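A.B. asks: This is the structure I want to talk about, given as structure tokens.
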Amino acid sequence: MVCTRPDIAQAVGAVSRRLLWLVVAPVLSLILPIMVAFVCYLRWRNHRLKDLSLERFQVQVGSYVAAVDEDKVGDKYGRKKDHDLPLLSFDCVATSTNNFSEENKLGEGGFRPVYKGTLLENEIAAKRLSRQSGQGLEEFKNQVQLESKLQHRNLVRLLGCCIQREEKILIYEYMANKSLDFFLFDPTKKILLDWKHRFSIIEGIAQGLLYLHEYSRCRIIHRDLKTSNILLDAHMNPKISDFGMARIFGDDEARAKTTRVVGTYGYMSPEYAVHGHFSIKSDMFSFGVIMLEILSGRKIVTFCHSDRFVNLLGYAWDLWKSG
Numbered sequence: 218m219v220c221t222r223p224d225i226a227q228a229v230g231a232v233s234r235r236l237l238w239l240v241v242a243p244v245l246s247l248i249l250p251i252m253v254a255f256v257c258y259l260r261w262r263n264h265r266l267k268d269l270s271l272e273r274f275q276v277q278v279g280s281y282v283a284a285v286d287e288d289k290v291g292d293k294y295g296r297k298k299d300h301d302l303p304l305l306s307f308d309c310v311a312t313s314t315n316n317f318s319e320e321n322k323l324g325e326g327g328f329r330p331v332y333k334g335t336l337l338e339n340e341i342a343a344k345r346l347s348r349q350s351g352q353g354l355e356e357f358k359n360q361v362q363l364e365s366k367l368q369h370r371n372l373v374r375l376l377g378c379c380i381q382r383e384e385k386i387l388i389y390e391y392m393a394n395k396s397l398d399f400f401l402f403d404p405t406k407k408i409l410l411d412w413k414h415r416f417s418i419i420e421g422i423a424q425g426l427l428y429l430h431e432y433s434r435c436r437i438i439h440r441d442l443k444t445s446n447i448l449l450d451a452h453m454n455p456k457i458s459d460f461g462m463a464r465i466f467g468d469d470e471a472r473a474k475t476t477r478v479v480g481t482y483g484y485m486s487p488e489y490a491v492h493g494h495f496s497i498k499s500d501m502f503s504f505g506v507i508m509l510e511i512l513s514g515r516k517i518v519t520f521c522h523s524d525r526f527v528n529l530l531g532y533a534w535d536l537w538k539s540g
């Protein structure tokens with residue numbers, strides 16, 4: 218029998234809705250807190266994993282840097298150095314560079330824009346590695362480990378790094394006068410490089426190379442020496458930079474070979490460019506090219522003698538042979 222009276226039907230409907238709420242409300246009161254708690258846990262766990270990854274990176278870098286051979290603490294002169302390297306948050310670096318603004322941008326090369334910033338009232342340069350650079354976390358870690366051990370007045374000093382939010386950023390001391398090529402090949406600025414400054418720059422580069430090859434805690438081959446990688450401080454003192462392609466040699470290792478030739482043509486030694494062989498001599502070849510550029514004021518990659526159609530190296534050799 219079906220109830221057709223409206224008042225009775227409404228009463229039954231109201232009772233049904235009340236019964237439904239009596240059942241649903243307790244269930245929701247139990248499920249909602251559980252769901253909220255679960256979401257909060259997932260967010261906490263995600264942040265915690267990132268923090269643990271950062272901590273592991275810091276331990277790996279710190280232990281590697283601070284304990285490179287327990288029996289060889291200090292350099293070849295027996296001096297001990299502190300190599301603790303700060304790990305900075307992304308927010309800290311972004312704030313210091315005005316959120317990586319174009320006004321703070323110092324330059325860009327090889328998927329690596331560099332920004333000027335200020336940390337603790339000191340000027341810094343933040344090199345932000347692009348995701349298109351192809352450098353993984355392990356390669357980044359190796360570069361940090363390498364550069365954090367280098368302490369010399371003619372090498373750009375690494376101050377810290379950042380690996381948060383899938384970013385890889387290197388923090389360096391700020392070099393007020395940019396790179397050597399900025400002065401050397403500019404028609405107006407090259408006048409500021411008198412012979413005294415030029416000889417001083419050559420000597421400084423040589424001192425930095427001597428440290429890398431003989432007096433650092435491990436022998437290092439730079440593999441990408443060029444005028445754009447020689448930075449100048451406020452007093453025009455040269456400092457070698459960009460160790461992303463550098464290789465460490467063992468005490469008994471004199472030469473190595475690679476199938477992946479990296480660097481800049483014109484500055485590469487022939488045996489490295491053609492056969493992939495590199496050694497201390499490879500860096501010395503690059504240094505010789507830089508020295509010719511400093512003395513002549515001409516670029517190795519664009520120079521061509523109008524009469525003999527030779528490059529800068531060939532032209533210098535012809536001058537040497539002719540006395």
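For the sequence shown, the working numbering begins at 218 and goes up steadily by one.
Quick reminder that beta carbons are idealized off the backbone N, C-alpha and C, glycines included.
None of these values were measured; they are calculated from a predicted model.
How many Å lie between Ser365 and Leu376 at the Cα?
C.D. replies: In the sequence shown, residue 365 corresponds to position 148, counting from 1. In the sequence shown, residue 376 corresponds to position 159, counting from 1. Rounded to whole angstroms, Ser365 to Leu376 spans 8 angstroms at the Cα level.
A.B. asks: Between the alpha carbons of Cys435 and Ile251, how many angstroms are there, rounded?
C.D. replies: Translated into the one-based positions of the sequence shown, residue 435 becomes position 218. Translated into the one-based positions of the sequence shown, residue 251 becomes position 34. C-alpha separation (whole angstroms): 56 angstroms.
A.B. asks: DSSP has Ile386 in a bridge; who is on the other side?
C.D. replies: Locating residue 386 in the sequence shown gives position 169, counting from the first residue. Paired residue(s): Arg345, Cys379.
A.B. asks: Output the distance between the C-alpha atoms of Met453 and Ile380, rounded to the nearest integer angstrom.
C.D. replies: For this step, residue 453 is matched to residue 236 along the sequence shown. For this step, residue 380 is matched to residue 163 along the sequence shown. Cα-Cα distance, rounded: 32 angstroms.
A.B. asks: Per DSSP, Glu325 forms a beta bridge with which residues?
C.D. replies: Stepping through the sequence shown from its first residue, residue 325 is reached at position 108. For Glu325, which the question treats as bridged, DSSP gives the partners Pro330.
A.B. asks: Using the three-state DSSP reduction, which class does Thr486 fall into: helix, strand or coil?
C.D. replies: For the purposes of this step, residue 486 is taken as residue 269 along the sequence shown, with counting starting at 1. Sequence inspection shows Ser at residue 486; the Thr mentioned does not correspond to that position. Note: Ser486 maps to coil in three-state DSSP.
A.B. asks: What distance in whole Å lies between the Cβ atoms of Tyr391 and Arg374, which are believed to be in contact at a cut-off of 8 angstroms?
C.D. replies: Working through the sequence shown from its first residue, we reach residue 374 at position 157. Working through the sequence shown from its first residue, we reach residue 391 at position 174. Actually they do not touch by this definition, with Cβ atoms about 10 angstroms apart.
A.B. asks: Could you compute how far the alpha carbon of Leu259 sits from the alpha carbon of Leu249?
C.D. replies: Locating residue 259 in the sequence shown gives position 42, where the first residue counts as 1. Locating residue 249 in the sequence shown gives position 32, where the first residue counts as 1. Roughly 15 angstroms between the two C-alpha positions.
A.B. asks: Which of the three DSSP states, helix, strand or coil, is assigned to Lys216?
C.D. replies: Any property of residue 216 remains undetermined from this structure, which presents the chain solely from 218 to 540.
A.B. asks: Pull up the CB-CB distance for Thr444 and Glu510, whole angstroms please, since I reckon it's below 8 angstroms.
C.D. replies: By 1-based counting over the sequence shown, the position of residue 444 is 227. By 1-based counting over the sequence shown, the position of residue 510 is 293. That pair is a contact at about 6 angstroms.
A.B. asks: For Asp500 and Gln368, I'd like the C-alpha separation in whole angstroms.
C.D. replies: Here residue 500 is taken as the residue at index 283 of the sequence shown, counted from 1. Here residue 368 is taken as the residue at index 151 of the sequence shown, counted from 1. Straight across, the Cα-Cα distance linking Asp500 with Gln368 is about 19 angstroms.
A.B. asks: Express the C-alpha separation of Ile465 and Ala451 in angstroms, rounding to a whole number.
C.D. replies: Along the sequence shown, one-based indexing puts residue 451 at 234. Along the sequence shown, one-based indexing puts residue 465 at 248. C-alpha of Ala451 to C-alpha of Ile465: approximately 30 angstroms in a straight line.
A.B. asks: Should Ile408 be labelled buried (16 or more other beta-carbon atoms within 10 Å of its own) or exposed?
C.D. replies: The residue labelled residue 408 in the question sits at position 191 within the sequence shown. Exposed: under 16 other Cβ atoms inside 10 Å.
A.B. asks: Assign Lys205 to one of three DSSP states: helix, strand, or coil.
C.D. replies: The question about residue 205 has no answer here: the residues shown for the chain are numbered 218 through 540.
A.B. asks: My assumption, with CB atoms under 8 angstroms, is that Gln424 sits in contact with Asn371. Please give the rounded CB distance.
C.D. replies: By one-based count along the sequence shown, residue 424 stands at place 207. By one-based count along the sequence shown, residue 371 stands at place 154. Contact holds; Cβ gap of about 5 angstroms.
A.B. asks: In angstroms with no decimal places, state the Cα-to-Cα distance between Tyr484 and Glu320.
C.D. replies: One-based indexing of the sequence shown puts residue 484 at position 267. One-based indexing of the sequence shown puts residue 320 at position 103. One Cα belongs to Tyr484, the other to Glu320, and the distance between them is close to 32 angstroms.
A.B. asks: Strictly by DSSP, which residues pair up with Glu556?
C.D. replies: Coverage of the chain is limited to positions 218 through 540, which leaves residue 556 absent and any answer about it impossible.
A.B. asks: From the DSSP output, in three-state form, read off Ala533 for me.
C.D. replies: Locating residue 533 in the sequence shown gives position 316, counting from the first residue. Ala533 falls in the helix class under three-state DSSP.
A.B. asks: Which same chain residues end up closer than 7 angstroms to Gly493 when comparing Cβ atoms and leaving out the 5 residues on each side of it in sequence?
C.D. replies: Within the sequence shown, the letter at position 276 stands for residue 493. In the same chain as Gly493, and ignoring 5 residues on each side of it, the C-beta atoms closer than 7 angstroms to its own belong to Lys474, Thr475, Thr476, Val478, in chain order.
A.B. asks: In chain order, what residues of the same chain have a beta carbon less than 6 angstroms from the beta carbon of Thr481, not counting five sequence neighbours either side?
C.D. replies: In the sequence shown, counting from the first residue as 1, residue 481 sits at position 264. Contacts found: Lys443.
A.B. asks: Does the distance from the C-beta atom of Ile447 to that of Ala463 stay below 8 angstroms?
C.D. replies: Taking the sequence shown and counting its residues from 1, the one referred to as residue 447 is at position 230. Taking the sequence shown and counting its residues from 1, the one referred to as residue 463 is at position 246. No. Outside cutoff.
A.B. asks: Would you list the one or two residues that DSSP bridges to Lys456?
C.D. replies: Taking the first residue of the sequence shown as position 1, residue 456 is located at position 239. Answer by DSSP bridge pairing, in chain order: Leu448.
A.B. asks: Only counting the same chain, and skipping five residues up and downstream in sequence, which positions put a Cβ closer than 7 angstroms to that of Asp459?
C.D. replies: Within the sequence shown, residue 459 is the residue found at index 242, counting from 1. The answer, listed in chain order, is Asp441, Asn446.
A.B. asks: Just reading off the beta strand (DSSP E) that Ile465 is part of, what are its end residues?
C.D. replies: Locating residue 465 in the sequence shown gives position 248, counting from the first residue. Run containing Ile465: 464 to 466, per the beta strand (DSSP E) assignment.
A.B. asks: Going by alpha carbons, who is nearest to Ile341 out of Ser486, Gly353, Phe317, Ser503?
C.D. replies: Position 124 of the sequence shown, counted from the start, is the residue given in the question as residue 341. Of the candidates Ser486, Gly353, Phe317, Ser503, the residue whose Cα lies closest to the Cα of Ile341 is Phe317.
A.B. asks: Drop a sphere of 10 angstroms on the beta-carbon of Leu529, count the other beta-carbons inside from all chains shown, and report buried for 16 or more, exposed for fewer.
C.D. replies: Against the sequence shown, residue 529 aligns to sequence position 312. Looking at its Cβ environment, which holds 16 or more other Cβ atoms inside 10 Å, Leu529 is buried.
A.B. asks: Considering only DSSP beta bridges, list what Arg436 is partnered with.
C.D. replies: On the sequence shown, residue 436 is found 219 positions in, with the first residue counted as 1. Paired residues: Phe466.
A.B. asks: Rounded to whole angstroms, what's the CA-CA distance from Asn394 to Ser306? Just pull it up for me.
C.D. replies: As a working note, residue 394 is residue 177 in the sequence shown. As a working note, residue 306 is residue 89 in the sequence shown. Between Asn394 and Ser306, the C-alpha separation is close to 28 angstroms.
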